[in-house]
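Visitor: Below you'll find the structure I mean.
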Amino acid sequence: MEYAERIKKLPPYLFAELDRKIAQKRKEGVDVISFGVGDPDLPTPEHIVKAACDATKKPENHRYPSYEGMLAFREAVAERYRRDFGVELDPEKEVIALIGSKEGVHNIHFAFVNPGDVVLYPDPGYPVYRTGPLFAGGEAYAMPLRKENNFLPDLEAIPRDKVKKAKMMWINYPNNPTAAVAEAEFYREVIDFAQDNDIIVCSDEAYSAIAFDGYRVRSFLEFEGAREVGIAIDSLSKAYNMTGWRIAYAAGNSEVIAGLGKVKTNVDSGASQIIQEAAIAALRGSQECVRENVRIYQERRDVLVRGLRKLGFNVDKPKATFYLWMEVPDGNSMAFAEKLLEAGVVVTPGVGFGEHGEGFVRFALTQPVARIEEALERMERVV
Ligand SMILES: *Cc1c(COP(=O)(O)O)cnc(C)c1O
């Protein structure tokens with residue numbers, strides 16, 4: 010069978026490669042400790058699971074859902090933006106349900122990208138920002154995230170011809186994989202840039218709920234002019250340990266939302282109402298479960314940072330996300346990850362998130378404290 014060109018052009022999927030290596034180690038009998046994949050190890054809170062169980066028994070939820078999501082779900086999203094960011098959204102026109110944010114990140118390119126159009130994306134970054142434009146026939150252009158610029162893209166450094174051809178740009182704060190955060194000044198700069206150059210901004214805010222030490226995450230939508238130029242995409246996956254449920258949303262500019270909706274009408278038939286009812290319970294219920302999650306990640310972060318510093322590594326304490334982004338001593342992230350794998354510890358080589366991720370590895374804080382301590386002991390033997 011001959012694959013289509015667009016499949017042949019794809020970079021290898023990072024986590025598939027990693028999974029193969031872990032599986033091989035496990036086959037050899039090694040008790041592998043994986044900090045590799047950004048998938049919460051904690052279960053979905055009980056009240057959310059119960060809402061789904063109750064929703065399963067309602068016959069109206071056994072039928073096709075609406076394409077754009079239940080109004081009650083979109084209203085719950087609007088309430089969340091009012092509560093957390095002081096942003097007023099029209100749930101009918103400015104919010105759409107997604108089957109996980111990955112779906113929306115991929116599909117939105119089909120609404121706006123023509124052959125020859127450029128999509129600006131952060132490197133290192135979530136792989137779909139690069140593959141989405143490729144699938145849609147556009148050109149993905151990397152904006153390097155460098156340590157000396159606090160892992161923010163340097164908009165001035167983007168070549169003029171790329172800016173001219175740019176139709177969309179991706180930003181992602183709190184950031185995966187670097188764990189960096191963005192302040193008001195950056196969002197204002199992005200909005201000015203987008204207005205001046207007629208670019209649609211897509212702000213992936215999947216980690217908006219995971220912040221430490223009282224740090225307040227800002228949403229792109231909080232800033233003046235944001236809704237004229239773009240949208241935010243957020244997910245229940247990380248905030249409520251719901252990666253397996255596949256539920257997220259896009260919010261902001263009504264034309265962008267409508268464009269995404271047009272694509273989705275032809276691709277999927279909407280998110281299950283059972284899952285949407287669970288999501289409503291999550292968004293409208295007590296947020297204590299999110300605070301508890303954050304406390305757990307914060308303790309893990311502190312144990313890992315302390316341990317890595319004791320081993321002689323220079324590592325910053327992240328303000329948000331459940332990742333740690335660490336510079337490796339000799340600059341070769343793949344070699345460093347392989348060295349740790351010899352001790353049965355899995356980290357993600359930064360180069361897998363794009364060429365500008367080289368020199369770093371990512372730890373996901375998705376292991377309990379005892380396993381983190383065990384991993385640190387093992388690392389001491391190999392580094
Ligand atoms: C986890 C993650 C997502 C995907 O979330 P889903 O809603 O589960 O698809 C999107 N963007 C980033 C940056 C992520 O890390």
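Numbers 10 to 392, taken from the numbering used here, label the letters of the sequence shown in order.
Beta carbons: idealized from backbone N, C-alpha and C, even for Gly.
Given the structure is predicted, the values throughout are model-derived calculations rather than measurements.
On the DSSP letters alone, give me the boundaries of the beta strand (DSSP E) that Ile-209 sits inside.
Guide: Looking at the DSSP string, the run of the beta strand (DSSP E) that includes Ile-209 is 209 to 213.
Visitor: Regarding Lys-273 and ligand 1, is the C-beta to nearest heavy atom distance less than 7 angstroms?
Guide: no
Visitor: Keeping to the same chain, check which residues put their C-beta closer than 6 angstroms to that of Ala-64; ignore five residues upstream and five downstream.
Guide: Asn-70, Ile-283 and Glu-286
Visitor: Using the rule of at least 16 other Cβ atoms within 10 Å of the residue's Cβ for burial, across every protein chain shown, is Tyr-196 buried or exposed?
Guide: buried
Visitor: Please report the distance separating the alpha-carbon of Ala-329 from that of Phe-221.
Guide: 6 angstroms
Visitor: Which one or two residues does DSSP pair with Ser-399 in a beta bridge?
Guide: An answer regarding residue 399 cannot be provided, because it is not within the stretch 10 to 392 covered by the chain.
Visitor: Within a Cβ cutoff of 7 angstroms, which residues of the same chain sit near Asp-40, ignoring the five residues on either side of it in sequence?
Guide: Gly-353
Visitor: Closer than 7 angstroms: is that where the CB of Gly-109 sits relative to any heavy atom of ligand 1?
Guide: Relative to ligand 1, the nearest heavy atom lies less than 7 angstroms away from the CB of Gly-109.
Visitor: Heavy atom of ligand 1 less than 7 angstroms from the Cβ of Gly-47, yes or no?
Guide: yes
Visitor: What residues match up with Ser-43 in a beta bridge as DSSP calls it?
Guide: Answer is Val-355.
Visitor: If Phe-372 and Met-335 are in contact, beta carbons under 8 angstroms, what's the gap, nearest whole angstrom?
Guide: 7 angstroms
Visitor: Take Met-79 and list the residues in its own chain whose beta-carbon comes closer than 7 angstroms to its own, dropping the five residues that flank it on each side.
Guide: Gln-282 and Gln-285
Visitor: So Lys-319 packs on Asn-116, CB below 8 angstroms; how close in whole Å?
Guide: No, Lys-319 and Asn-116 are not in contact; Cβ-Cβ is about 45 angstroms, not under 8 angstroms.
Visitor: Which residues bound the beta strand (DSSP E) around Tyr-332?
Guide: 332 to 336
Visitor: For Tyr-73, which of helix, strand or coil comes out of DSSP?
Guide: coil
Visitor: Distance, Cα to Cα, Asp-132 vs Cys-211?
Guide: 15 angstroms
Visitor: Say the cut is 7 angstroms; is the CB of Ser-246 nearer than that to a heavy atom of ligand 1?
Guide: yes
Visitor: Under 7 angstroms from any heavy atom of ligand 1, does the C-beta of Val-114 make it?
Guide: yes
Visitor: If we ignore side chains and look at the alpha-carbon of each, how far apart do Ile-180 and Val-190 end up?
Guide: Looking at the two C-alpha atoms, the distance is approximately 11 angstroms.
Visitor: Is Tyr-150 near ligand 1, in the sense that its beta carbon is under 7 angstroms from a heavy atom of that ligand?
Guide: no
Visitor: So does the stretch 339 to 346 actually touch the stretch 205 to 219, counting three or more Cβ pairs closer than 8 angstroms?
Guide: Touching, no, given that fewer than three Cβ pairs across the two stretches are closer than 8 angstroms.
Visitor: Nearest CA to the CA of Lys-176: which residue from Gly-125, Asp-163 and Ile-200?
Guide: The candidate whose alpha carbon is nearest that of Lys-176 is Gly-125.
Visitor: Using 10 angstroms around the beta-carbon of Asp-213, count the other beta-carbons present and answer buried if the total reaches 16, otherwise exposed.
Guide: Asp-213 should be labelled buried.
Visitor: Shorter than 7 angstroms, the distance from the beta carbon of Asn-302 to the closest heavy atom of ligand 1, or not?
Guide: no
Visitor: Applying the criterion that 16 or more other CB atoms from any shown protein chain within 10 Å of the CB defines a buried residue, is Gln-33 buried or exposed?
Guide: exposed
Visitor: Does any heavy atom of ligand 1 sit closer than 7 angstroms to the C-beta of Ala-215?
Guide: Flag set: Cβ of Ala-215 near ligand 1.
Visitor: Smallest Cα separation from Tyr-249: which of Leu-19, Val-58, Asp-28 and Ile-42?
Guide: Val-58
Visitor: Short check: CB of Ile-266 to CB of Ile-240, under 8 angstroms?
Guide: yes
Visitor: Should His-56 go down as buried or exposed, given a rule of 16 or more other Cβ atoms within 10 Å for buried?
Guide: exposed
Visitor: Between the stretch 103 to 117 and the stretch 251 to 268, can you find at least three pairs of beta-carbon atoms closer than 8 angstroms?
Guide: yes
Visitor: Using only the heavy atoms of ligand 1, determine whether one of them is closer than 7 angstroms to the beta carbon of Ala-145.
Guide: no
Visitor: What would DSSP say about Phe-160, mapped onto helix, strand or coil?
Guide: coil
Visitor: Identify the residues that DSSP records as bridge partners of Phe-372: which are they?
Guide: Leu-333
Visitor: Can you tell me where the beta strand (DSSP E) holding Ala-288 begins and where it ends?
Guide: Looking at the DSSP string, Ala-288 is not in any beta strand (DSSP E); the run it does join, the alpha helix (DSSP H), is 282 to 293.
Visitor: Beta-carbon within less than 6 angstroms of Ala-145's beta-carbon, same chain only, minus the 5 sequence neighbours each way: which residues are those?
Guide: His-118, Phe-119 and Val-122
Visitor: May I have the straight-line CA-CA distance separating Lys-156 from Val-360, to the nearest angstrom?
Guide: Roughly 15 angstroms between the two C-alpha positions.
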